[in-house]
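Participant: Pasting in a structure now, in structure tokens, and then I'll have a few things to ask.
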Amino acid sequence: MHYSIPYPNLKYSCKLPREGITMNADELYAICKRRGFLWQSAEIYGNVAGFYDYGHLGAMLKRNWENSWLHYFLSLNDNYHLIDTTNIMPESALKASGHVDLFTDFLVTCKKCSQPYRADALIEEVSGISAESLSAEELDKKIRELNIRCPRCGAAEFSEARPFNMMFPVAIGAEGKDRGYLRPETAQGAYLNFSREFETCRRKLPLGLAIIGRAFRNEISPRQGLYRLRELIQAELQIFFDPEKFNEQCSIPDNAGKLRVVLVDKRPEIQELSAGDLLSRGYPVFYVYHMLKIQEFYTTVLGVPVEKFRFFEKSEKERAFYNRIHFDVELNLETLGGFKEVAGLHYRGDYDLTRHQQMSKVSQEVNIDGRKFVPHVLELSFGVDRNVWALLDIFMTKDKERNILKIKPYIAPYHCGIFPLFKKDGLDAVALQVHERLRKKLRTFYDDSGSIGRRYARMDEIGTPFCITVDYDTIQEGALKDTVTLRFRDTAEQKRIRIADIEREIQEHILPP
365 MHYSIPYPNL
375 KYSCKLPREG
385 ITMNADELYA
395 ICKRRGFLWQ
405 SAEIYGNVAG
415 FYDYGHLGAM
425 LKRNWENSWL
435 HYFLSLNDNY
445 HLIDTTNIMP
455 ESALKASGHV
465 DLFTDFLVTC
475 KKCSQPYRAD
485 ALIEEVSGIS
495 AESLSAEELD
505 KKIRELNIRC
515 PRCGAAEFSE
525 ARPFNMMFPV
535 AIGAEGKDRG
545 YLRPETAQGA
555 YLNFSREFET
565 CRRKLPLGLA
575 IIGRAFRNEI
585 SPRQGLYRLR
595 ELIQAELQIF
605 FDPEKFNEQC
615 SIPDNAGKLR
625 VVLVDKRPEI
635 QELSAGDLLS
645 RGYPVFYVYH
655 MLKIQEFYTT
665 VLGVPVEKFR
675 FFEKSEKERA
685 FYNRIHFDVE
695 LNLETLGGFK
705 EVAGLHYRGD
715 YDLTRHQQMS
725 KVSQEVNIDG
735 RKFVPHVLEL
745 SFGVDRNVWA
755 LLDIFMTKDK
765 ERNILKIKPY
775 IAPYHCGIFP
785 LFKKDGLDAV
795 ALQVHERLRK
805 KLRTFYDDSG
815 SIGRRYARMD
825 EIGTPFCITV
835 DYDTIQEGAL
845 KDTVTLRFRD
855 TAEQKRIRIA
865 DIEREIQEHI
875 LPP
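Residues in the sequence shown are numbered consecutively from 365, following the working numbering.
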């Protein structure tokens, strides 16, 4: 099976809640292509794995997720700010960060068909065993023990695992003497701008710098669609803080809910632990506080069912050497076979600023009340593309009659669809007037073609929470004149409402918490 095939090797079925009907990844991807959410890039020239484009609906869905993320996390502190940094970075900066020497995955190649594979991903796909912490020798041994065969040709003989640097090099300037790279993560932009932002933000800590932007990773064998890309979008918040004071600045409420976690020493059990339980195990207040906020973002803002959410702790061997604490945020994505990482919470200590201070010879120290120190960093890192797919996976439901994308109204590409019952007798003219009136404040879609049932079905499938229909009662004299039907997506129930009241009614439902 070739990697250019959308969502290859995905045989998992997603049991959705309506009447037990299943939908797999290929079926969901087919909906995405048909409706305008996403598809592989440059498909008229053949598919190149690891690159996807968002259509008009996908771009709106992605932007709405990003706006929800920004609204929620930047509101945690008045000194958290959005910045924007370049995609190309000089080699010296990435040498300091460790990416030039250490940003590698282990590569194995099928000796028969020459197909390359990321060794740990190949093992995990075949056996379900996590192999990301294994050495080259351990990977080779595991491949032999499991008698793993090439998914492409079926051969069972691979080259020895070797490191492969995943950065894309760039020759800068006409002569190409200056070497750079497409950034492998957005985080470095925040670290390089810390000193400037600290000064412009009145020398206050904590200081949060958020970036939503593209990162580039030359993945060995990108598969599973949006889950592993060569060009991806990240939403990251780097929080620079005083390690002696940050716990005092993060207040955990007494009524905080329990966290769903998988601890290293309790794998694979999912435990529901209180903040106090984690604090008693030695996790700092500031870390537990942000765990609570991340879980709230997913379960309250996005509406993810709590049973589909968990934190998964990485062991010392599995996590990056500079991470003092590392929990992945995972969602149960049944089209991808179970719990998958969509975000992470990393306590990075002072590693990043200290490395840039050493290599650049420019001090990254701050002076707070006469005490000089290099700030520590807490990183909240989210894969935007993975989260977009997660929304589609979790909230696309299916019954015998229709597909329904049951996402939150404020995340939906459109707030409402506006339809005339028929395209005649002046119904379309009134519907267009309603559309023009509402489109200034709401994301609206006008449609007058096809049966009203098919128009409803199209809106259900793309997540539009409300449909407005102009019918004969709207234009005829009587008690219902100047009223329309307002249809609710999830229940298909309808009610009459005055045209003058539509905006207020919908606005009440589309404000995020």
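Backbone N, C-alpha and C fix where the C-beta goes; we use that ideal spot for every residue, glycine too. Please read these numbers as outputs of a predicted model, since none were measured by experiment.
Among Phe676, Ile447, Leu503, which one has its Cα closest to the Cα of alanine 707?
Facilitator: Selected option, being the one with the closest Cα: Phe676.
Participant: Where does the unbroken alpha helix (DSSP H) through cysteine 396 begin, and where does it stop?
Facilitator: It spans 389-399 - the alpha helix (DSSP H) in which cysteine 396 sits, taken as one unbroken run.
Participant: Within 10 Å of its beta-carbon, does isoleucine 847 have 16 or more other beta-carbons around it, so buried, or fewer, so exposed?
Facilitator: Residue identity check: residue 847 is threonine in the sequence provided, not isoleucine. Classification of threonine 847: buried, given that the 10 Å Cβ count is 16 or more.
Participant: Leaving aside the five residues before and after valine 649 along the sequence, list all residues of the same chain whose C-beta is less than 6 Å from its C-beta, in chain order.
Facilitator: Correct list, in chain order: Asn611, Cys614.
Participant: Nearest-angstrom Cα distance between aspartate 504 and methionine 531?
Facilitator: Rounded to whole angstroms, aspartate 504 to methionine 531 spans 24 Å at the Cα level.
Participant: Between the beta-carbon of tyrosine 711 and the beta-carbon of arginine 688, is there less than 7 Å?
Facilitator: A contact, by the Cβ cut-off of 7 Å.
Participant: Using the three-state DSSP reduction, which class does glycine 640 fall into: helix, strand or coil?
Facilitator: Helix.
Participant: List the DSSP bridge partners of threonine 761.
Facilitator: DSSP, once it has assigned bridges, lists Ile768 as partnering threonine 761.
Participant: Which term fits aspartate 542, buried or exposed, when burial requires 16 or more other beta carbons within 10 angstroms of its beta carbon?
Facilitator: Exposed, since its Cβ has fewer than 16 Cβ neighbours within 10 Å.
Participant: Let me check understanding here. Comparing Cα to Cα, which of Leu556, Gln552, Gly537, Pro533 lies closest to leucine 546?
Facilitator: Considering only alpha carbons, the answer is Pro533.
Participant: To the nearest whole angstrom, what separates the beta carbons of histidine 445 and leucine 573, a pair I think is in contact under 8 Å?
Facilitator: Yes, histidine 445 and leucine 573 are in contact; Cβ-Cβ is about 6 Å, under 8 Å.
Participant: With distance defined between alpha-carbon atoms, name the residue in Glu765, Ser491, Phe661, Ile839 nearest to asparagine 751.
Facilitator: The shortest C-alpha separation from asparagine 751 is found at Phe661.
Participant: Unbroken alpha helix (DSSP H) runs of length 4 or more, entirely within the stretch 412-487: which are they?
Facilitator: As far as the stretch 412-487 is concerned, its whole alpha helix (DSSP H) runs of at least 4 residues are 420-438, 455-461, 463-466.
Participant: In the DSSP assignment, the alpha helix (DSSP H) including aspartate 792 goes from what residue to what residue?
Facilitator: Residues 791-802.
Participant: Determine the closest residue to alanine 620 out of Trp429, Ile658, Tyr555, Phe528, with distance taken between C-alpha atoms.
Facilitator: With distances taken between Cα atoms, alanine 620 lies closest to Ile658.
Participant: What is the DSSP secondary structure of glutamate 521, reduced to helix, strand or coil?
Facilitator: Note: glutamate 521 maps to coil in three-state DSSP.
Participant: Just mark isoleucine 768 as buried or exposed, buried being the case when its beta carbon has 16 or more other beta carbons within 10 Å.
Facilitator: Buried, because 16 or more other Cβ atoms sit within 10 Å of the Cβ of isoleucine 768.
Participant: As an exercise, report each continuous beta strand (DSSP E) stretch of at least 3 residues that is fully enclosed by the stretch 633-698, in chain order.
Facilitator: DSSP runs (the beta strand (DSSP E)) wholly in the stretch 633-698: 635-637, 673-677, 689-697.
Participant: Nearest to glutamate 490 by CA position, among Ala500, Leu498, Arg851, Ile507, is which residue?
Facilitator: Looking at the sequence provided, one finds valine at residue 490 rather than glutamate. Residue Ile507 is the option with its Cα nearest to valine 490.
Participant: Measuring only the C-alpha atoms, how far is alanine 500 from phenylalanine 467?
Facilitator: Between alanine 500 and phenylalanine 467, the C-alpha separation is close to 15 Å.
Participant: Taking 8 Å as the threshold, find out whether the stretch 561-577 comes into contact with the stretch 590-607 through three or more Cβ pairs.
Facilitator: In short, these stretches touch, since the Cβ pair count reaches three.
Participant: For phenylalanine 809, collect the residues of the same chain with a Cβ closer than 8 Å to its Cβ; drop the 5 residues on either side in sequence, then sort them by chain order.
Facilitator: Excluding sequence neighbours, phenylalanine 809 sits near Tyr778, Cys780, Gly781, Ile782, Met823, Thr828.
Participant: Please list, in chain order, all residues of the same chain as isoleucine 816 whose beta carbon is under 8 Å from its beta carbon, the five residues on each side excluded.
Facilitator: So the qualifying residues of the chain are Phe783, Leu785, Thr833.
Participant: Which value, in whole angstroms, describes the spacing of the CA atoms of asparagine 582 and isoleucine 576?
Facilitator: C-alpha separation (whole angstroms): 20 Å.
Participant: On a Cα-Cα basis, can you pick out the residue from Arg819, Asp789, Glu694 that is closest to glutamine 840?
Facilitator: That would be Asp789, whose Cα lies nearest to the Cα of glutamine 840.
Participant: Within a Cβ cutoff of 6 Å, which residues of the same chain sit near asparagine 428, ignoring the five residues on either side of it in sequence?
Facilitator: Ile775.
Participant: Give me the Cα-Cα distance between tyrosine 371 and tryptophan 433, rounded to the nearest whole angstrom.
Facilitator: Below a pLDDT of 50, predicted positions are generally treated as unreliable, and tyrosine 371, at 34, falls in that range; the measurement from the model is reported next regardless. Looking at the two C-alpha atoms, the distance is approximately 27 Å.
Participant: Residue ranges of each alpha helix (DSSP H) run of no fewer than 4 residues wholly in the stretch 807-859, ordered along the chain?
Facilitator: Those alpha helix (DSSP H) runs which fall completely within the stretch 807-859 and span 4+ residues are 816-825, 836-839.
Participant: Which one or two residues does DSSP pair with glutamate 600 in a beta bridge?
Facilitator: Per DSSP, Ile575, Ser745.
Participant: Return helix, strand or coil for glutamate 509, following the three-state DSSP convention.
Facilitator: DSSP places glutamate 509 in helix when its eight states are reduced to three.
Participant: Pick helix, strand or coil for lysine 379, following the three-state DSSP scheme.
Facilitator: Bear in mind that the predicted position of lysine 379 carries a pLDDT of just 35, short of 50, making it unreliable; the figure below should be weighed with that in mind. Strand, per DSSP.
Participant: In angstroms with no decimal places, state the Cα-to-Cα distance between glutamine 728 and asparagine 451.
Facilitator: Their Cα atoms are separated by approximately 23 Å.
Participant: Can you tell me which of the three DSSP states glutamate 595 falls into?
Facilitator: In the structure shown, glutamate 595 sits in a strand (DSSP, three-state: E or B).
Participant: Give the DSSP-derived three-state secondary structure of asparagine 529 in the structure shown.
Facilitator: DSSP places asparagine 529 in strand when its eight states are reduced to three.
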